[in-house]
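K.L.:
Okay, handing you the structure first.
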Amino acid sequence: MDFKEYSIAKLFTSVRFAILIISLIVLTSIIGTIIPQGQSLGFYAAKYGQENAIIMEILGFSNMYSAIWFQALLLILCNNLVICSLDRIPQVLSFIKKDNLSADIAKLMRNKDKILLTSKKDRQLTETGVQAVLEQKNWKVQTKRNTDYLLIFSEKQAWSRLGAYLVHISILVIFLGALIGSSFGFKASVMVPEGETATAIYSLNDEQAPIPLPFKLRCDAFDIEYYDNGMPKEYRSDLVALEDDRVVMKKRITVNDPLSYAGLTFYQSSYEPMQDQYVVEASTQSISKENNRQTMINQKFYAEPRKRQALKDKQMLEILETGADGHGHGPYKIWFDDEMGEPIQFFAEDKKSVTIERGDLSYSFTVKQRYATGLQVVKDPGVWIVYVGFALMLFGLYVAFFMSHRRLWIAIQQTGANFTIILSGSSNKNKAGFSRTLEDIATRLLNEKTLELRRM
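So the sequence shown is residues 55 to 510, counted in this note's numbering.
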């Protein structure tokens, strides 16, 4: 089909037009990177001013990648790639399939890359020897006997001419994956307090609409580390996925190491200290005097300041005071009673174990702030299609830039008592490399003693 008969199609087959569209997409993507996406009008008004915020809202800069004009640019680029490919691929295929044995001596002599050799051996030995050398170098030969000469042809990587169109296809595959992801996927968030279970998440795109989870997600623990200056260094959550109250997956996640299950990916995105909520881990160790046998009892519970908490074996614990260590918690003043004497009071640093001896019993306590972990939840059914597209793009770029269609002709022509051997060829890329290849073939032929060849 000749698309160039139509003016619009002619525009879409233009490389300059494609470069223009790609440039517009790149420039507008920079805008989408600079301006925070998906925020409220009030956020933009506070940051850029009321008038600018309204203009940005009208132009769709607040959700730029979903804006009609941006998607129109992507659609135009897709049309350009499709029409351009349909216009040029038939020509490329025709070139790949062309009859290269129709070349004559005059055409071979016009090629820039050519080497002339001569031999005094008989025709059969010369022809057989030349073909054997080519096959040793993995050149699959085709032959055609003409009136006064034999033409040998071979080529390598003819399909490499399609490398650019593999890149075109890869871009379309990536766009398809992105379209599937945006149409059937979503982004959501959820805050899960330590020790609690989430059964729903909340959409980021639809006024926090709840989305039921196909399983339960429990946060067993949350931990945070700080730099010396008080800035958070790393925070992590111990997550558990449950189906029918059965554990199906457990993972400790960090900012760059999410949990993926049932098509959903949970990213560690934030955290929030729970007001007047603390995690207490207590262990009781007893040693029997009769057989020196050791018994350990571990407990974990959540406590509020100035509220007594009943433990096992009639023990009681209360957090009397929560000091300030620069992060808003600790050291803690603890009241403890095990009915084995007078109640005691002691101090515990945040997340540091304190051991108390009471008769034959040894108690260890660790107190820390209780947190709710903030998770960003992503469902993207098109992500694997995008990955396939990127893999195809890398392969297409490699083919387009590092592989070349190399064509080799050898004509064996009798001139008097001798035979003239013309080595000629061409390559669409890396012409210097092909010249070395042609020279290597000539050297191998010259080194073949049975042929007794020499240069002309």
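Heads up, the beta-carbon is just placed ideally off N, CA and C, and yes, glycines get one too. Remember, predicted model here, so these are calculated numbers, not experimental data.
Sorted by chain position, which residues of the same chain lie with C-beta nearer than 8 angstroms to residue 256's C-beta, five sequence neighbours on each side aside?
P.N.:
242, 243, 244, 262, 263, 264, 265.
K.L.:
Would you mind working out which of 459, 467, 473 sits nearest residue 480, comparing C-alpha positions?
P.N.:
Selected option, being the one with the closest Cα: 459.
K.L.:
Per DSSP, which residues does residue 303 bridge with? Please list them.
P.N.:
295
K.L.:
Under 9 angstroms, do residue 173 and residue 473 count as touching if we go by C-beta distance?
P.N.:
yes
K.L.:
Could you give the residue range of the alpha helix (DSSP H) that holds residue 490?
P.N.:
Taken as a continuous stretch (DSSP letters only), the alpha helix (DSSP H) holding residue 490 covers 485–501.
K.L.:
For the candidate residues 87, 64, 331, whose alpha-carbon lies nearest to that of residue 355?
P.N.:
Residue 355 has its Cα closest to that of 331, out of 87, 64, 331.
K.L.:
Kindly indicate the opening and closing residues of the beta strand (DSSP E) around residue 241.
P.N.:
240–247
K.L.:
Secondary structure at residue 219, three-state DSSP: helix, strand or coil?
P.N.:
DSSP places residue 219 in helix when its eight states are reduced to three.
K.L.:
Taking all protein chains shown into account, do 16 or more other C-beta atoms lie within 10 angstroms of the C-beta of residue 110, making it buried, or fewer, making it exposed?
P.N.:
Around the Cβ of residue 110, a 10 Å sphere holds 16 or more other Cβ atoms; the residue is buried.
K.L.:
Could you tell me which residues DSSP puts in a beta bridge with residue 404?
P.N.:
421
K.L.:
The beta strand (DSSP E) that contains residue 208, what's its start and end?
P.N.:
203–210
K.L.:
Nearest-angstrom Cα distance between residue 370 and residue 425?
P.N.:
23 angstroms
K.L.:
Taking the beta strand (DSSP E) that residue 190 falls in, what are its first and last residues?
P.N.:
Where residue 190 is concerned, there is no enclosing beta strand (DSSP E), although the alpha helix (DSSP H) it sits in stretches over 177–190.
K.L.:
Determine the extent of the alpha helix (DSSP H) in which residue 157 is found, giving its start and end residues.
P.N.:
No alpha helix (DSSP H) contains residue 157, which DSSP labels as neither H nor E.
K.L.:
Could you pull out every residue in the same chain whose Cβ sits closer than 6 angstroms to the Cβ of residue 386, ignoring the five residues on either side in sequence?
P.N.:
If we look at residue 386 and ignore the five residues flanking it on each side, its Cβ neighbours are 373, 376, 402, 421.
K.L.:
Over what stretch of residues does the alpha helix (DSSP H) that includes residue 372 continue unbroken?
P.N.:
Unbroken run through residue 372 is the beta strand (DSSP E), 370–376; no alpha helix (DSSP H).
K.L.:
Locate the beta strand (DSSP E) running through residue 446, then write down its first and last residues.
P.N.:
From DSSP, residue 446 is part of no beta strand (DSSP E) but of the alpha helix (DSSP H) over 437–456.
K.L.:
Determine the burial state of residue 70: buried for a count of at least 16 other Cβ atoms within 10 Å of its Cβ, exposed for fewer.
P.N.:
exposed
K.L.:
When we look at the beta-carbon of residue 214 and count the other beta-carbons within 10 Å, is it buried (16 or more) or exposed?
P.N.:
buried
K.L.:
Return helix, strand or coil for residue 89, following the three-state DSSP convention.
P.N.:
coil
K.L.:
To the nearest angstrom, how far is it from the Cα of residue 502 to the Cα of residue 463?
P.N.:
19 angstroms
K.L.:
Check whether the Cβ atoms of residue 475 and residue 230 lie closer than 9 angstroms to each other.
P.N.:
The Cβ atoms of residue 475 and residue 230 do not sit closer than 9 angstroms to each other.
K.L.:
Should the segment 114–128 be called in touch with the segment 87–96, which here means at least 3 C-beta pairs below 8 angstroms?
P.N.:
yes
K.L.:
Would you decide whether residue 465 is buried or exposed? Buried here means 16 or more other CB atoms lie within 10 Å of its CB.
P.N.:
buried
K.L.:
Do residue 112 and residue 95 have their CB atoms nearer than 9 angstroms?
P.N.:
no
K.L.:
Rounded to whole angstroms, what is the Cα-Cα separation between residue 353 and residue 333?
P.N.:
11 angstroms
K.L.:
Flag this pair as yes or no: are the beta carbons of residue 427 and residue 325 separated by less than 9 angstroms?
P.N.:
yes
K.L.:
To the nearest angstrom, how far is the alpha carbon of residue 430 from that of residue 320?
P.N.:
The alpha-carbon atoms of residue 430 and residue 320 are separated by roughly 6 angstroms.
K.L.:
Let me know the secondary structure DSSP gives residue 334 once reduced to three states.
P.N.:
strand
K.L.:
Of the residues 167, 388, 469, which one's Cα is nearest the Cα of residue 362?
P.N.:
388
K.L.:
Would you call the CB atoms of residue 560 and residue 294 closer than 9 angstroms?
P.N.:
Outside the shown range of the chain, which is 55 to 510, sits residue 560, and nothing can be said about it.
K.L.:
So, using beta-carbon positions, are residue 275 and residue 292 closer together than 9 angstroms?
P.N.:
Between residue 275 and residue 292, the C-beta spacing is below 9 angstroms.
K.L.:
Kindly indicate the opening and closing residues of the beta strand (DSSP E) around residue 473.
P.N.:
472–481
K.L.:
Count the other CB atoms within 10 Å of the CB of residue 44; is the residue buried (16 or more) or exposed (fewer)?
P.N.:
This structure leaves residue 44 out entirely; the chain is present only between 55 and 510.
K.L.:
With a cut-off of 8 angstroms on the beta carbons, I'd call residue 205 and residue 195 a contact; round off their distance for me.
P.N.:
Not really, about 10 angstroms apart at Cβ, beyond 8 angstroms.
K.L.:
Report back the beta-carbon spacing between residue 227 and residue 446 to the nearest angstrom; my notes put them in contact at under 8 angstroms.
P.N.:
6 angstroms
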